[in-house]
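Student: In our numbering, the protein residues as written are 5 to 521.
Take a look at the structure:
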């Protein structure tokens, strides 16, 4: 906590100096100079306090049922108001459950029913359930790598569920072969129509493979070619899909003719083609390295918690695609002395200017999630998120599309009481670029044309000041309440024609065209 005390001290010291100089100039200079200087001081003072804004918990802590562990894996939707989480049993057995939550009136409430995974065989391996959720929160994907069909065969499986009439209905299942344990990592596009998952034990030579599927409107069909690794690569130790579903990234292990690296693939002309050269890990093989992509797949974050930095362990690096290859963006973030596991569970927002990952400081012991923002091509810390319960280990984290909401799951560890396990969601709107309207541009409206109602997605209503409807002459015809709308708006009382929807925030406004049938 020493770093926080230092920041508080610096802020108090800053107040003193701002007050001193304000008093001196405002009382002892002419009116013209006074206005200039006082404006500048006010701006600097404002920046000082907004830059140091803290992360605050949103809603209640999500806890597991008795005998279960909370948040083995978690994922926020793009807006950050819905979350899917998996829960395992205390003794790390082969059962568990998955739940989806929605933030309603500052409380995380269960959305739909619990999806239960009862125990299989006493000798079956531990079951871990990786999860992901689409932007609307109506579709989820679950990786059940510990799924067993006999006491000795564990093929694993991948499941997709749709929320229909407030009930989660299974609409897809892929089961592996033998003991491939498919489904360790799963990912879904923002619109929910494309998914990717790994099969890293595929092949007699330990090749591993990546599979992608797409929803055709009635069925789930393979999307492009299977990506198969070289001998002993174990391709797929991590895999993620970009928000737009056009790009995927995965880890390829070290083999006799290849170094450990991350590879990015783009869907082009019906095939997944390598995008740029593989990005090699600095220290070679790392079984804990992770990856994440921006919405368009042109920026990637790679975290390697095992990288040795002469006294500290871990790294986080961000790369941007230049059109031909991947180039480092900003400086590498490295674990210094007494810092370990930096870069675990790396996440990046849709735009690519906010990142988060886990880190542990051993002296004094401090753990949590670090959030950085890219400012003038330098990654600057936006304060650490420290879970409220002492003695816990961060198990997974998730970042919403904007980068202002982070979810953190914590658990007490093996053979320890799970009564303090929990999932906490934190928010800090100050990390957003108040001069940028990029998050407004991500808003989608459907159906369009509309017969009377339309829905807006990708919109964080906490950041919106007004939503208005104009006709093409520029006349305001309707203003909507942003509270209690659930993103659904009624225009059935308006005549057929073309309209402009104006979405306004403190940083500016964006317009979307809408047609009323």
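Cβ coordinates follow ideal geometry from the N, Cα and C atoms, glycine included.
Terminal residues of the continuous beta strand (DSSP E) containing residue 253?
Tutor: Where residue 253 is concerned, the enclosing beta strand (DSSP E) stretches over 251 to 256.
Student: For residue 328, I'd like the list of residues in its chain whose CB is within less than 8 Å of its CB, leaving aside the five on either flank, ordered along the chain.
Tutor: Hits under 8 Å: 280.
Student: What's the gap between the Cα of residue 142 and the Cα of residue 314?
Tutor: So the alpha carbons of these two residues sit roughly 46 Å apart.
Student: As an exercise, report each continuous beta strand (DSSP E) stretch of at least 3 residues that is fully enclosed by the segment 268 to 317, in chain order.
Tutor: You should have 275 to 278, 294 to 297 and 303 to 307.
Student: With residue 361 and residue 320 assumed to form a contact (beta carbons below 8 Å), what rounded beta-carbon distance in angstroms separates them?
Tutor: About 5 Å separates the two Cβ atoms, so the contact holds.
Student: For residue 245, which residues from the same chain have a beta carbon less than 8 Å from its beta carbon, with the 5 sequence-adjacent residues on both sides left out?
Tutor: Here the set comprises 191, 192, 193, 198, 199, 200, 216, 251, 252 and 297.
Student: How far does the beta strand (DSSP E) with residue 385 in it extend, from its first residue to its last?
Tutor: 382 to 389 is the extent of the beta strand (DSSP E) around residue 385.
Student: The beta strand (DSSP E) that contains residue 92, what's its start and end?
Tutor: Here the beta strand (DSSP E) through residue 92 covers 86 to 93.
Student: Express the C-alpha separation of residue 387 and residue 51 in angstroms, rounding to a whole number.
Tutor: Any reading at residue 51 must be qualified, since the residue scores a pLDDT of 37, below 50, and its modelled position is unreliable; the value itself is stated next. The straight-line gap from Cα to Cα measures roughly 15 Å.
Student: At which residues does the beta strand (DSSP E) containing residue 404 begin and terminate?
Tutor: Residue 404 -> no beta strand (DSSP E), and no H or E assigned at all.
Student: Residue 185: which of 157, 167, 173 and 163 sits nearest, CA to CA?
Tutor: Checked all of 157, 167, 173 and 163; the closest Cα to residue 185 is 157.
Student: What residue from 485, 100, 519 and 341 has the CA that sits closest to residue 134's CA?
Tutor: Ranking the options by Cα distance to residue 134, first place goes to 100.
Student: Below 7 Å CB to CB, which residues in the same chain sit around residue 517 once its five sequence neighbours on both sides are set aside?
Tutor: Excluding residues within five positions, the ones whose Cβ falls inside 7 Å are 502 and 504.
Student: What are the residues that DSSP puts in a beta bridge with residue 226?
Tutor: Looking at the DSSP assignment, residue 226 forms a beta bridge with 217.
Student: For residue 120, tell me which candidate among 169, 174, 126 and 168 has the shortest Cα-Cα distance.
Tutor: Measuring from the Cα of residue 120, the nearest candidate turns out to be 174.
Student: Tell me which same chain residues have a C-beta within less than 8 Å of the C-beta of residue 343, skipping the five on either side of it?
Tutor: These residues qualify, in order along the chain: 316, 317, 318, 363, 364, 365 and 366.
Student: Enumerate in chain order the residues of its own chain whose CB-to-CB distance from residue 129 is below 7 Å, with the five nearest sequence positions on each side excluded.
Tutor: 98, 150 and 158, listed in sequence order.
Student: Are residue 179 and residue 144 touching if we call contact CB-CB under 9 Å?
Tutor: Contact: no.
Student: Would you mind working out which of 76, 203 and 471 sits nearest residue 428, comparing C-alpha positions?
Tutor: Checked all of 76, 203 and 471; the closest Cα to residue 428 is 76.
Student: Using a Cβ-Cβ cut-off of 8 Å (strictly less than) and excluding sequence neighbours within five positions of residue 125, which residues of its own chain qualify?
Tutor: Around residue 125: 98, 152, 154 and 155.
Student: Classify residue 242 as buried or exposed, calling it buried when 16 or more other Cβ atoms lie within 10 Å of its own Cβ.
Tutor: Buried, by the Cβ-count rule.
Student: Taking residue 454 as the reference, give the member of 498, 468 and 447 with the closest Cα.
Tutor: Cα-wise, what sits closest to residue 454 is 498.
Student: Taking the DSSP output, what are the residues bridged to residue 112?
Tutor: DSSP, once it has assigned bridges, lists 107 as partnering residue 112.
Student: Do residue 410 and residue 373 have their C-beta atoms closer together than 9 Å?
Tutor: Yes.
Student: Hey, how far is the Cα of residue 507 from the Cα of residue 275?
Tutor: Their backbone Cα atoms lie some 38 Å apart in a straight line.
Student: Below 9 Å between beta carbons: does that hold for residue 282 and residue 259?
Tutor: Not in contact: residue 282 and residue 259 (Cβ atoms no closer than 9 Å).
Student: Hey, would you say residue 88 sits closer than 9 Å to residue 73, going by beta carbons?
Tutor: Their beta carbons are not under 9 Å apart, which means residue 88 does not touch residue 73 by this criterion.
Student: Going by alpha carbons, who is nearest to residue 228 out of 214, 238 and 68?
Tutor: Checking every option, the nearest Cα to that of residue 228 belongs to 214.
Student: Spatial neighbours of residue 292 within its chain, please: C-beta separation below 6 Å, excluding the five flanking residues on both sides.
Tutor: Counting only Cβ-Cβ distances below 6 Å, and skipping sequence neighbours, we find 309 and 310.
Student: If you drop the 5 nearest sequence neighbours on each side, which residues of the same chain put their C-beta closer than 7 Å to that of residue 435?
Tutor: These residues qualify, in order along the chain: 358, 375, 377, 386, 407 and 408.
Student: When we look at the beta-carbon of residue 521 and count the other beta-carbons within 10 Å, is it buried (16 or more) or exposed?
Tutor: Exposed.
Student: Considering only the beta carbon of each residue, do residue 325 and residue 302 sit closer than 9 Å?
Tutor: Yes, the Cβ-Cβ distance between residue 325 and residue 302 is below 9 Å.
Student: For residue 531, count neighbouring Cβ atoms within 10 angstroms of its own Cβ and tell me buried if that reaches 16, exposed if not.
Tutor: This structure cannot settle anything about residue 531, because the visible part of the chain is limited to 5 through 521.
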